[in-house]
Amino acid sequence: MIHQTTVDYLCNLINIDTTINSNNEIEGILYIKEVFDKIGIENKVYEPVSGKGNIIATIKGKSDDAIILHSHIDTANYNAENWLFPPYKATLINNCIVGRGTLDCKGLIAIWMDIMKYFYLNNCNGKELKNTLIFICSCDEEGDGKYGTDWLLNNTPVSNNIKLVFGEGGGYPIPLGEDIYFTIQTEEVYINKNSKIKNTSTNYTENKINEIFNKAIKLGYYNQNTLNFYNNRHIQNKRKIAQECFYENIDIILENKAVDILCDYNKKIFTIIENKLNNINPKYKLLPIITPGYSDNRFFRQRGIPTIGFFPLDIKNNISGIHGNNEYISFKSLTLSHDVLLQTLKTLLY
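Taking my numbering, the leading residue of the sequence shown gets 80, the next gets one more, and so forth.
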């Protein structure tokens, strides 16, 4: 069943223009503050420059070690003439919500807000969390992050005790035979903020590909599901991942990595999330991958903080509207994501 508060939060967020060119992220952040203030959740707003707003909300647990729920308030621009519905206004139709930011990334904000409310009310009723729970909503992700997550990590104490970060970047469902694999992002392929890796000189022989897989599995970036998917990728349907995505430039990402706490964290998280998915449908599996692209997850990872990207969507939810036209999210996607993420966090926090 759809969580009405999630729908309400999302619609209200969509109705606030926080596109890249608006310089109006602060208005979206102030809406989140208003919601948290009414609930009683401790929060603080940061505005490094006019219009660029961020918020950090905290529910204290027995330990100062924190689990971070992260998302970003800014969205891509749009050309309203190419949309069937107004991109600047939430439209509810056919059990879907249409509007800029539904998938990237206001849908996840709405879910995190509802989950924060859940844990806060439970905390008030005596069910204390093992770890502190922190929600970060930042600006400037669609830019270079200068006034968003990067600024927060450099200018506030929020990074002092981070144990684990949940962010965007995964959750795309792909059928493979009778199973459905949900991607979970463990790393991104990039060199720096202005460029992407393009390693055209490497000859990816079968031995080289096996070497990459073995190291990625050993380090916790892939697991046996990734290998199984790769070996059976020929039975993918319309939704596909090209084989090169599993190894092209991945060797560059992995070459300076060492076996550390990340491996244990990822293995634990993979098991928990896949169990939650199995409770919904035994054919659901998790697909750990390293994705091309660039998100705020990098700012946590560059500090050695375990970070995963996971925002699971219903199999019928088209994601072509991300940064494009007619962006939408279905009630089924919101329900799936809310339930899987909440159950995962309950396992980690209680």
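In this text, a Cβ means the ideal position worked out from N, Cα and C, and glycines have one as well.
At least three beta-carbon pairs within less than 8 Å, the segment 235 to 244 to the segment 160 to 167: no
Residue range of the alpha helix (DSSP H) that includes V419: 410 to 428
Supposed close pair P391, L366 - CB separation, criterion 8 Å: Not really, about 11 Å apart at Cβ, beyond 8 Å.
Helix, strand or coil at H149 [DSSP, three-state]: strand
Inter-stretch contact at 8 Å, needing at least 3 Cβ pairs: the segment 290 to 306 / the segment 388 to 404: no
The segment 108 to 116 touching the segment 183 to 195, judged by at least three CB pairs closer than 8 Å: yes
Identity of the residue in V244, G222, Y226 nearest Y373 by Cα: G222
Bridge partner(s) assigned by DSSP for P367: I263
Top-ranked residue by Cα proximity to L421, from K336, L187, N360: L187
C-beta contact flag for I176 and V86 at 8 Å: yes
Distance, N316 Cα to L306 Cα: 18 Å
Classification of K346 by the beta-carbon crowding that lies within 10 angstroms, buried from 16 upward: exposed
Cβ neighbours of G140 in the same chain (closer than 6 Å, five flanking residues each side left out): L208, K209, N210, T211
Close Cβ partners of N289 (< 6 Å) along its chain, the five nearest in sequence each way excluded: none
Own chain residues within Cβ distance below 6 Å of F67, not counting five before or after: Residue 67 falls outside the range modelled here, since the chain spans only 80 to 429, and no answer is possible.
Burial state of N158, where buried means 16 or more other Cβ atoms lie within 10 Å: exposed
Beta-carbon gap between V244 and H149 smaller than 8 Å: yes
Burial state of C203 (16 or more Cβ within 10 Å): exposed
With 16 other Cβ atoms within 10 Å as the buried cut-off, status of K319: exposed
Those residues which DSSP pairs with N210 across a bridge: S142
Nearest-angstrom Cα separation, counted from L356 out to P252: 12 Å
Beta-carbon contacts of F308 that lie in its chain and below 7 Å, excluding the five residues immediately before and after: L255, Y260, L366
Proximity of G107 and I95 at Cβ, strictly below 8 Å: yes
Distance between L200 and S274 (C-alpha atoms, nearest Å): Residue placement at S274 is poorly supported in this model, since its pLDDT is 46, which falls under 50; the coordinates are not used for a value here.
Environment of S129 [buried if 16+ CB atoms lie within 10 Å]: exposed
Environment of R377 [buried if 16+ CB atoms lie within 10 Å]: buried
Separation of L92 from Y181, as counted between CA atoms: As written in the sequence, residue 181 is Thr, which differs from the Tyr given in the question. Taking the straight line from one Cα to the other gives about 9 Å.
Cβ shell of I351 (< 8 Å), same chain only, five flanking positions each side left out: T423, T426, L427
N405 versus Q303: straight-line alpha-carbon distance, rounded: 36 Å
DSSP-derived helix/strand/coil call for A56: Since the first residue shown for the chain is 80 and the last is 429, residue 56 is missing from the structure and cannot be characterised.
Residue nearest to W230 in terms of C-alpha spacing, selected from I408, G248, P127: P127
Inter-residue CB distance, G248 and G388 (contact presumed, cutoff 8 Å): 3 Å
Whole-angstrom C-beta distance between D143 and E104, which should lie under 8 Å: Going by Cβ atoms, the distance from E104 to D143 rounds to 28 Å, so no, they are not a contact pair.
Burial state of N360 (16 or more Cβ within 10 Å): exposed
T350 - DSSP class collapsed to helix/strand/coil: helix
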